[in-house]
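K.L.:
Handing you a structure now.
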Amino acid sequence: MIAENPFAKFRNECEEALAHALKKILPEIKVEAFAFNKPPNPEFGQLASSLCFELAKKLNQKPVELAAHLAGAIDKRKFTLIEEVSAVGGYVNFHVDFAKFSALTLQSIRQYGATYGFIKTEKPLKIIVEHTSVNPLHPIHIGQARNPMIGDAVARILRYRGHTVFCHYYIDDVGRQSSVVAYGYDKLGRPQPDEKADHFVGKIYTITSCLVELNRLRRELELVKATAPPDEVAKINRQIDEWMSIAAELKEKFPLLFEKLLEKIGKAEDAEDEINRLNLAYENGQSEAMKLVREVSELCLKGFRETLERVGVCYDSWDWESDLVWSGQVSEVLQRLKATPFVYTEGGVLEFDAERVARVFKLKAKLGLREDYEVPPLTLTRADGTSLYTTRDVAYTLWKFDRSDKVINVIGMEQSLAQLQLKLALHALGYGKCADNLVHFAYNLVTLPGYKMSSRRGRYITFDEVLDEAVERAYAEVSKRSPQLSEEEKREIARFVGIGAVRYALVDVDAAKPVVFTWDRVLNFETNSAPYVQYTHARACSILRKAAREPVEADFSLLKEPLERELVLSLAGFPETFIDAAEYLKPNLIADFANALADKFNTFYNALPVIKAEPQALSDARLALTDAIRIALHNALNIIGVVAPEKM
RNA sequence: GGGUCCGUGGCGCAGCACGGAUAGCGCGUCAGCCUUCUAAGCUGAAUGUCCUGGGUUCAAAUCCCAGCGGACCCGCCA
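For the first sequence, the numbering used here gives the first residue as 10, with consecutive numbering after it.
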């Protein structure tokens, strides 16, 4: 007997059994769906119904008596997996027939192998997952690295679920910041990088942006010094002080580059204007500007690709924001928005009345907003006619929906309002359906202890640094723990252990929670980490290797130990966990599952022999169990992008 | 001021979508386990007003309301 979802099979039988019994003794009662709980203790069985508590009040009977009555009415002979039904304290408890259930679960896992657990959806969709989308100005820092880890895991999960998934990277090269870095790069004479390209670009960006900001503030001070109130002058002075200290930091860290840029733009009074001109020229598709900005952006992206490839993240499409502007899609969207009654002009710029859209289309309840909350308006254009980020995002979103049924944007929760306004803009344009299929997967920030990471200020820890450190730490661990391995093996293991640890650490915490970055968090190699699960997987592989035989006709009824039964239950539940993870977009469920299974296996490993178990039939059954665990751990790690090694 | 999210042993987290029996786990602390299948492991001990107060319910960490604390957002930045 084989089932792709063993635990669901048991659950279905329990449901059916309960429904029959209810119909028999209380035909007048209609229950839509039966919810089951997992009992806190195996002596209460594997599934429990608390239905009697609900019915007790309606029927004016005691739950305990009702439960006994109901349990007694179940004819368990009609079902294959139900061994016993008991009534305890008002609950109806279902006990699984472990002999049959173990056989079902372990044979199914063996049969499905690398596809076990990945139940296909009945409604496959074309889904675009947009993730990472770090601006091409500086290296990906650890605060941003949570994004590709979550995005990639979500994409993998949805693919295994049977959807057609495309991962898109949105290259935001139209913002003013791109012109800032391009300006600095140009002043330096467009040099070739002498290090990893994104790190190189990042330095230019930070220093340029700092110098330009100082210029601006100093001029502002000159202008208002005589006329403005003292507290305003003091405020500007404070800002100057802050940027001066940043400049000092940068000068110390990158003396050569700092000097060069200081010389070129330190006193350039027209820097601000030149950057604005460059930005305008770029949006207008002027060829010199195009060449310059694209050149810097490409450099940076080259660095990103290296980093992301290293952690096993890849994309199906790299979408340039500028392409949307140059192709006229942005201005077309603007025209169409202007034609709606929701756009007005104020102070020479176009404003979008998001609040009115929400009211007219009665969307507040649907979008989870209170009726008395007023959605702030969205400015669509600058006074010079250039577009703003969210405006371009409207065009981009429509472009994405031309290619998919559903769009998932993995974007920090600080952009919640912008994403809401984006949805409302879609409604205003008549694309309410797209808005409904647009998901903002919001995740919380990663901060450094004491301060927020700031790319403009050059205060960040790069993802590359974290990966390097993790791999180095892992190398030290492997060398210590497995000195017998060859140098090559150690390097290889260090690589996937270190990278796995980082991936796992960034996926494991609920995306809604803020994370304070500490090295301890990502360099954890003990329980509840990728290395722990990887180690457990390698351990299972090692046993199977040493056994050197195939347990062909194992007698699963020999698996009578509570530890073995818990393992079977865990394994049988993997498909349901996977479905939950896919439907609710919760990759951390997979990490938790893997960790919990590893925990149970290690307990089992320490308590009971596998190869040396007597009689051999028991050894065979335990080998089959071990093999099933190996498969489940492998599959779980696979979806969160972590390598499952055979040795470490 | 308004909005969104978060609040669970000393620290870091799970559980909350779908209410259910004794709230789990890791770190740290203490006491143990390697001539036995990988000790990146295991066993045991101590540690909790599940932010506070109301409400709904037979039943609340979980749902609702109010408050407190923290993060983020409310820009002709992205």
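Glycine residues also receive a C-beta, built at the ideal position from the N, C-alpha and C atoms.
Excluding sequence positions up to five away, which residues of its chain have a Cβ less than 7 Å from the Cβ of residue 547?
P.N.:
By 1-based counting over the first sequence, the position of residue 547 is 538. In chain order, 654, 655, 656, 657 place their CB closer than 7 Å to the CB of residue 547, counting only its own chain and leaving out the 5 sequence neighbours on each side.
K.L.:
Look at the alpha carbon of residue 98 and the alpha carbon of residue 17, and state the distance between them as a whole number of angstroms.
P.N.:
Reading the first sequence from its first residue, position 89 is the one you call residue 98. Reading the first sequence from its first residue, position 8 is the one you call residue 17. Whole-angstrom Cα-Cα distance: 25 Å.
K.L.:
When the Cβ atoms of the segment 376 to 391 are set against those of the segment 416 to 423, are three or more pairs found closer than 8 Å?
P.N.:
no
K.L.:
Among 460, 469, 141, 508, whose alpha-carbon lies nearest the alpha-carbon of residue 477?
P.N.:
Taking the first residue of the first sequence as 1, we reach residue 477 at position 468. The shortest Cα separation from residue 477 among 460, 469, 141, 508 belongs to 508.
K.L.:
Since residue 284 is in the beta strand (DSSP E), which residue starts that stretch and which ends it?
P.N.:
Here residue 284 is taken as the residue at index 275 of the first sequence, counted from 1. Segment 280 to 292 is the alpha helix (DSSP H) holding residue 284; no beta strand (DSSP E) there.
K.L.:
Pop quiz: residue 305 and residue 190 are said to be a contact at Cβ under 8 Å. What is the actual Cβ separation, rounded to whole angstroms?
P.N.:
Translated into positions along the first sequence, residue 305 becomes position 296. Translated into positions along the first sequence, residue 190 becomes position 181. Indeed, because the Cβ distance is near 6 Å, the residues count as touching under 8 Å.
K.L.:
Do the segment 270 to 287 and the segment 315 to 330 meet, that is, are 3 or more Cβ pairs less than 8 Å apart?
P.N.:
no
K.L.:
Does residue 331 come out as helix, strand or coil in the three-state DSSP assignment?
P.N.:
As a position in the first sequence, residue 331 is number 322, starting the count at 1. Helix at residue 331.
K.L.:
Helix, strand or coil for residue 102? Go by DSSP, reduced to three states.
P.N.:
Counting from one through the first sequence, the residue named residue 102 turns up at place 93. Reduced to three states, the DSSP call for residue 102 is strand.
K.L.:
If I measure Cβ to Cβ from residue 599 and keep anything under 6 Å in the same chain, skipping five residues before and after, which residues do I get?
P.N.:
If you number the first sequence from 1, residue 599 lands on position 590. So the list reads 590, 645, 648, 649, once near-sequence residues are dropped.
K.L.:
In angstroms, rounded to a whole number, what distance separates the CA positions of residue 77 and residue 613?
P.N.:
In the first sequence, residue 77 corresponds to position 68, counting from 1. In the first sequence, residue 613 corresponds to position 604, counting from 1. For residue 77 and residue 613, the distance between alpha carbons rounds to 35 Å.
K.L.:
Taking the alpha helix (DSSP H) that residue 176 falls in, what are its first and last residues?
P.N.:
Indexing the first sequence from 1 puts residue 176 at position 167. No alpha helix (DSSP H) holds residue 176; the beta strand (DSSP E) holding it covers 173 to 180.
K.L.:
Can you check which of these residues, 327, 528, 69, is closest to residue 143 by C-alpha distance?
P.N.:
Translated into the one-based positions of the first sequence, residue 143 becomes position 134. Nearest to residue 143 by alpha-carbon distance, out of 327, 528, 69, is 327.
K.L.:
Please classify residue 460: does DSSP put it in a helix, a strand, or coil?
P.N.:
Translated into positions along the first sequence, residue 460 becomes position 451. When DSSP states are grouped into helix, strand and coil, residue 460 belongs to the strand group.
K.L.:
On the three-state DSSP scale, how would you describe residue 489?
P.N.:
By 1-based counting over the first sequence, the position of residue 489 is 480. In this structure, residue 489 counts as helix in the three-state DSSP scheme.
K.L.:
Using the C-alpha atoms, what's the distance from residue 580 back to residue 114?
P.N.:
Position 105 of the first sequence holds residue 114. Position 571 of the first sequence holds residue 580. One C-alpha to the other measures close to 7 Å.
K.L.:
Below 8 Å, how does it come out for the segment 515 to 526 and the segment 149 to 159: are there three or more Cβ pairs, yes or no?
P.N.:
yes
K.L.:
Does DSSP classify residue 355 as helix, strand or coil?
P.N.:
By one-based count along the first sequence, residue 355 stands at place 346. In the structure shown, residue 355 sits in a strand (DSSP, three-state: E or B).
K.L.:
So what does DSSP say about residue 453, is it helix, strand or coil?
P.N.:
Reading the first sequence from its first residue, position 444 is the one you call residue 453. Coil, per DSSP.
K.L.:
What is the rounded straight-line gap between the Cα of residue 615 and the Cα of residue 608?
P.N.:
The residue given as residue 615 occupies position 606 in the first sequence. The residue given as residue 608 occupies position 599 in the first sequence. Straight across, the Cα-Cα distance linking residue 615 with residue 608 is about 11 Å.
K.L.:
Would you kindly report the start and end of the unbroken beta strand (DSSP E) that includes residue 135?
P.N.:
Mapped onto the first sequence, residue 135 falls at position 126. Note, residue 135: beta strand (DSSP E), 135 to 139.
K.L.:
Along the beta strand (DSSP E) that carries residue 92, what are the first and last residues, could you check?
P.N.:
Stepping through the first sequence from its first residue, residue 92 is reached at position 83. Its beta strand (DSSP E) spans residues 91 to 97.
K.L.:
Go through its chain and collect everything with a Cβ distance to residue 525's Cβ below 6 Å, but skip five positions before and after it.
P.N.:
In the first sequence, the residue the question calls residue 525 occupies position 516. Only 456, 458 meet the Cβ criterion.
K.L.:
Please state if the CB of residue 100 and the CB of residue 51 are separated by a distance shorter than 9 Å.
P.N.:
Start at 1 with the first residue of the first sequence, and residue 51 comes out as number 42. Start at 1 with the first residue of the first sequence, and residue 100 comes out as number 91. In this structure, residue 100 does not lie closer than 9 Å to residue 51 by Cβ.
K.L.:
With H, G and I counted as helix, E and B as strand and the rest as coil, what does DSSP make of residue 658?
P.N.:
This structure cannot speak to residue 658, because the chain is shown only from 10 to 657.
K.L.:
From the DSSP output, read off the bridge partner residues of residue 415.
P.N.:
For the purposes of this step, residue 415 is taken as the residue at position 406 of the first sequence. According to DSSP, residue 415 bridges with 136.
K.L.:
Pair every Cβ in the segment 284 to 302 with every Cβ in the segment 176 to 194, then say whether three or more of these pairs are closer than 8 Å.
P.N.:
yes
K.L.:
Excluding the 5 residues preceding and the 5 following residue 544 in the sequence, name in chain order all residues of the same chain whose CB lies nearer than 7 Å to its CB.
P.N.:
Here residue 544 refers to the residue found at position 535 of the first sequence. Within the same chain, Cβ atoms closer than 7 Å to the Cβ of residue 544 are found at 657, the five residues on either side in sequence being excluded.
K.L.:
Suppose you measure from the CA of residue 218 to the CA of residue 534; what does that come to, to the nearest Å?
P.N.:
Against the first sequence, residue 218 aligns to sequence position 209. Against the first sequence, residue 534 aligns to sequence position 525. Approximately 39 Å, taken between the alpha carbons.
K.L.:
Of the residues 23, 329, 41, which one's Cα is nearest the Cα of residue 90?
P.N.:
Position 81 of the first sequence holds residue 90. Among 23, 329, 41, the Cα nearest to that of residue 90 belongs to 23.
K.L.:
Could you name the residues of the same chain whose beta carbon sits closer than 7 Å to that of residue 45, not counting the 5 residues immediately before and after it, in chain order?
P.N.:
What you label residue 45 is simply residue 36 of the first sequence in a count that begins at 1. Excluding positions up to five away in sequence, the list reads 20, 23, 56, 57, 58.
K.L.:
In the DSSP assignment, find the alpha helix (DSSP H) that holds residue 637 and state where it starts and stops.
P.N.:
Taking the first residue of the first sequence as 1, we reach residue 637 at position 628. Here the alpha helix (DSSP H) through residue 637 covers 625 to 648.
K.L.:
How would you label residue 658, buried or exposed, when you count the other beta carbons within 10 angstroms and need 16 or more for buried?
P.N.:
Residue 658 is absent from the model: the chain starts at 10 and stops at 657.
K.L.:
Any idea if residue 541 is buried or exposed, counting beta-carbon neighbours within 10 angstroms, 16 or more meaning buried?
P.N.:
Here residue 541 is taken as the residue at index 532 of the first sequence, counted from 1. By the neighbour-count rule (16 or more Cβ atoms within 10 Å), residue 541 is buried.
K.L.:
Give the DSSP-derived three-state secondary structure of residue 552 in the structure shown.
P.N.:
Looking up residue 552 in the first sequence gives position 543. If DSSP states are grouped into helix, strand and coil, residue 552 belongs with the helices.
K.L.:
Quick one: residues in its chain with C-beta nearer than 7 Å to the C-beta of residue 64, no 5 flanking neighbours on either side, listed in chain order?
P.N.:
In the first sequence, residue 64 corresponds to position 55, counting from 1. Closer than 7 Å at the Cβ level, and outside the excluded window around residue 64, lie 38, 75.
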